[in-house]
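To start, the structure under review is shown below, and the notes come after it.
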Amino acid sequence: MSDVSRRALLGSSLALAACGQKAQSQPVPANLPPLKTIVPFRIGSSVQALHLDDPALAALLRRQVNQLTPEWQMKMEYIVQPDGSFRFDAPDRIAAFAADNGMALLGHVLVWYAQAPEAFERLDENRVSFEQAYRNYILAVAGRYRGKVVGWDVVNEAVAEDGDGWRTSLWSKRLGDFEHIALAFRTAREADPGATLLLNDYNLEYMPRKRATFMKLAERLLASGAPLTGIGTQVHVAADIRPGEITTMMKDLASLGLPIHVSELDVSLVRADNKLLGRAELERRQARTYGEAAEAFMALPERQRFAFTLWGLRDKDSWLRGENASDASAPFDDASRPKAAAAALVEAFRG
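Numbering (my numbering), first residue to last: 1240 to 1590.
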């Protein structure tokens, strides 16, 4: 163990002792009702196709949620092959599981700055233009799941991290900063006239400047006639986020008048900036944060509550566990037992 690790461990131990009884995890009430049974909107979870092979997780999904979001297997990184062909086996399996269990399906995601498949980068425009290939991809993917999804994250994380304009990507370079976004929405509407079409982003609660730029982009899309019909806020946050930040963000986003999707909620313990907080105190704050997110969503007008999605139900299935084996960011533990975070969600939804 390094000196830095020893200091961190010592600091955590001292902080835990200082917190005393206030930091102890609160008991979780027995027989919590399933989340999907206590709210009038959809409760969702992310999922990978391989997760469906785990009977315990499949049972937990059936009990708790009524909407699924493919975690990454509807993204270009999975679908687009090096030769330009498309692969749909995993997303088809998730779509079938959702349909077989009476669950809605959220399409995620059509266009993301972070992904530039090889087939697009080496496109021979003597055969087909870049714009044609871009449109063809969206038409093929959104068209395949037409009538099977309730909505699409059409464009993901379009706003620059510091809030200074929009991100540069292969799509923006070839089709234009704003034009590639508007084109994606128009093409998605052509492919699926009935789906809610969302603009999705993250750190909107932490960074007011980014949130303002996100809202200006949404307003410009609406002014241009692009069929933006919902917005998604991911809410990947740490347990030491300041109370009130999620609530403030939700109120700001609500001013656009569009349906809102809490699209990727998780609350990390190990990403907390305050390294003096002990584990039990972080768990207490984690539960409080889940509760605040639910309360802020419940405060929205009913017509603006699109859905509330957890980015993984169990700790062991979270992408954050891959970053750090000690993280426990979800409302349910590795054995599918509800944590204080799950109880906080129930309490807030019942509100």
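For glycine and all other residues, C-beta sits at the position ideal for the given N, C-alpha and C.
In the DSSP assignment, find the unbroken alpha helix (DSSP H) run with residue i in it and report its ends.
{"i": "THR1528", "result": "1518 to 1537"}
{"i": "ASN1375", "result": "1369 to 1383"}
{"i": "ASP1331", "result": "1328 to 1339"}
{"i": "LYS1412", "result": "1409 to 1414"}
{"i": "LEU1274", "result": "Here LEU1274 belongs to no alpha helix (DSSP H), and DSSP marks it neither H nor E."}
{"i": "MET1489", "result": "1484 to 1493"}
{"i": "ARG1428", "result": "1418 to 1430"}
{"i": "ALA1288", "result": "Note, ALA1288: premise wrong, no alpha helix (DSSP H); not H, not E."}
{"i": "GLU1357", "result": "1357 to 1360"}
Taking Cβ to Cβ, would you say residue i is nearer than 7 Å to residue j?
{"i": "TRP1391", "j": "VAL1398", "result": "no"}
{"i": "PRO1273", "j": "ARG1301", "result": "no"}
{"i": "LEU1437", "j": "ALA1457", "result": "no"}
{"i": "ALA1532", "j": "VAL1585", "result": "no"}
{"i": "ALA1526", "j": "ALA1583", "result": "yes"}
{"i": "VAL1286", "j": "LEU1307", "result": "yes"}
{"i": "ALA1587", "j": "LEU1539", "result": "no"}
{"i": "ALA1421", "j": "ALA1465", "result": "yes"}
{"i": "ILE1333", "j": "VAL1304", "result": "no"}
{"i": "PHE1336", "j": "LEU1291", "result": "yes"}
{"i": "ALA1288", "j": "VAL1319", "result": "no"}
{"i": "VAL1506", "j": "THR1486", "result": "no"}
{"i": "ALA1423", "j": "VAL1394", "result": "yes"}
{"i": "THR1435", "j": "GLY1382", "result": "no"}
{"i": "ASN1513", "j": "ASP1566", "result": "no"}
{"i": "LEU1504", "j": "ALA1511", "result": "no"}
{"i": "GLU1444", "j": "GLU1400", "result": "no"}
{"i": "LYS1449", "j": "GLY1402", "result": "yes"}
Distance, Cα to Cα, residue i vs residue j?
{"i": "GLN1354", "j": "SER1408", "result": "8 Å"}
{"i": "LEU1362", "j": "ARG1425", "result": "22 Å"}
{"i": "ILE1499", "j": "ALA1546", "result": "7 Å"}
{"i": "THR1276", "j": "ARG1589", "result": "10 Å"}
{"i": "ALA1579", "j": "GLU1310", "result": "24 Å"}
{"i": "ARG1544", "j": "MET1537", "result": "8 Å"}
{"i": "PRO1279", "j": "ASP1572", "result": "26 Å"}
{"i": "GLN1312", "j": "PRO1447", "result": "31 Å"}
{"i": "VAL1186", "j": "GLU1360", "result": "The structure shown has nothing for residue 1186, since the chain only spans 1240 to 1590."}
{"i": "VAL1388", "j": "GLY1471", "result": "16 Å"}
{"i": "ARG1428", "j": "ILE1377", "result": "10 Å"}
{"i": "SER1324", "j": "ARG1518", "result": "47 Å"}
{"i": "GLN1260", "j": "ALA1581", "result": "The pLDDT assigned to GLN1260 is 35, lower than 50, so where the model puts this residue is not dependable; a value taken from the coordinates is nonetheless given after this. Whole-angstrom Cα-Cα distance: 21 Å."}
{"i": "ASN1442", "j": "VAL1350", "result": "19 Å"}
{"i": "TYR1352", "j": "GLU1396", "result": "7 Å"}
{"i": "GLY1415", "j": "ALA1535", "result": "35 Å"}
{"i": "LEU1271", "j": "SER1284", "result": "18 Å"}
Once DSSP output is grouped into helix, strand and coil, what is the label at residue i?
{"i": "PRO1577", "result": "strand"}
{"i": "ALA1567", "result": "coil"}
{"i": "GLY1471", "result": "strand"}
{"i": "GLN1320", "result": "coil"}
{"i": "SER1463", "result": "helix"}
{"i": "LYS1261", "result": "Reliability fails at LYS1261, whose pLDDT of 39 lies under 50, so the model's placement of it is uncertain and the value that follows must be treated cautiously. It is helical."}
{"i": "ASP1554", "result": "helix"}
{"i": "LEU1515", "result": "coil"}
{"i": "GLY1496", "result": "coil"}
Looking at the C-beta of residue i, does it have a partner C-beta in chain C at a distance below 7 Å?
{"i": "ARG1302", "result": "No chain C appears in the structure shown, which is made up of a single protein chain."}
How would you write the range of the beta strand (DSSP E) that residue i sits in, first residue to last?
{"i": "PRO1294", "result": "First-last for PRO1294: 1294 to 1303, but that is the alpha helix (DSSP H), not the beta strand (DSSP E)."}
{"i": "THR1308", "result": "1306 to 1309"}
Just grab the DSSP bridge partners of residue i for me.
{"i": "TRP1351", "result": "ASN1395"}
{"i": "VAL1501", "result": "THR1472, PHE1547"}
{"i": "ILE1282", "result": "PHE1547"}
{"i": "THR1435", "result": "GLY1390"}
{"i": "PHE1325", "result": "VAL1319"}
{"i": "ASP1440", "result": "THR1472"}
{"i": "SER1507", "result": "ALA1477"}
{"i": "ALA1343", "result": "GLN1306"}
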